[in-house]
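In the UniProt record's numbering, the protein residues as written are 1 to 144. Think of the CB as a built atom: it goes at the ideal place given N, C-alpha and C, for glycine as much as any other residue.
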């Protein structure tokens, strides 16, 4: 019988990687080819931009743009890569682990076929934690 492969996405708004578990007693192992990093876009000014009036010579301040942003772009990239691996059947279950804001952004991006594989979510930033110290964080959701 083929073991159930569980992938754990450990991410925050700047970094992410995958841990794999091949069943009880097999521990957590980092998937070397599944590591992402994201550098925020440089911001030239904190002041809103200006736009010309559509009729006349007036200029108006533009509202700051809050839709999307770097976290959403990074989340989209993670989900695209995971979806590709899902379609290649590289894993059977997926656990999402990210700070609350990033977790919410990931939820918005995940399509149905990938969402069906999500077995648990943890709203924690575990990116800075060494891999050897991570198993205890998953005791309630996975037999490591």
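Please state whether the Cβ-Cβ distance between residue i and residue j is less than 7 Å.
i, j, result
"residue 21", "residue 6", "yes"
"residue 96", "residue 121", "yes"
"residue 109", "residue 79", "yes"
"residue 117", "residue 87", "no"
"residue 84", "residue 105", "no"
"residue 131", "residue 30", "yes"
"residue 125", "residue 100", "no"
Would you list the residues sitting across from residue i in a DSSP beta bridge?
i, result
"residue 75", "Answer is none; residue 75 lacks a bridge partner."
"residue 36", "16"
Report the three-state DSSP secondary structure of residue i (helix, strand or coil).
i, result
"residue 67", "Summary for residue 67: the model assigns pLDDT 45, below 50, so the residue's position carries little reliability; its value from the coordinates is reported in the next sentence. Residue 67: coil per DSSP, three-state reduction."
"residue 115", "helix"
"residue 14", "coil"
"residue 134", "coil"
"residue 96", "strand"
"residue 142", "coil"
My guess is that residue i and residue j are in contact by the Cβ rule of under 8 Å, so how many angstroms apart are they, rounded?
i, j, result
"residue 9", "residue 18", "6 Å"
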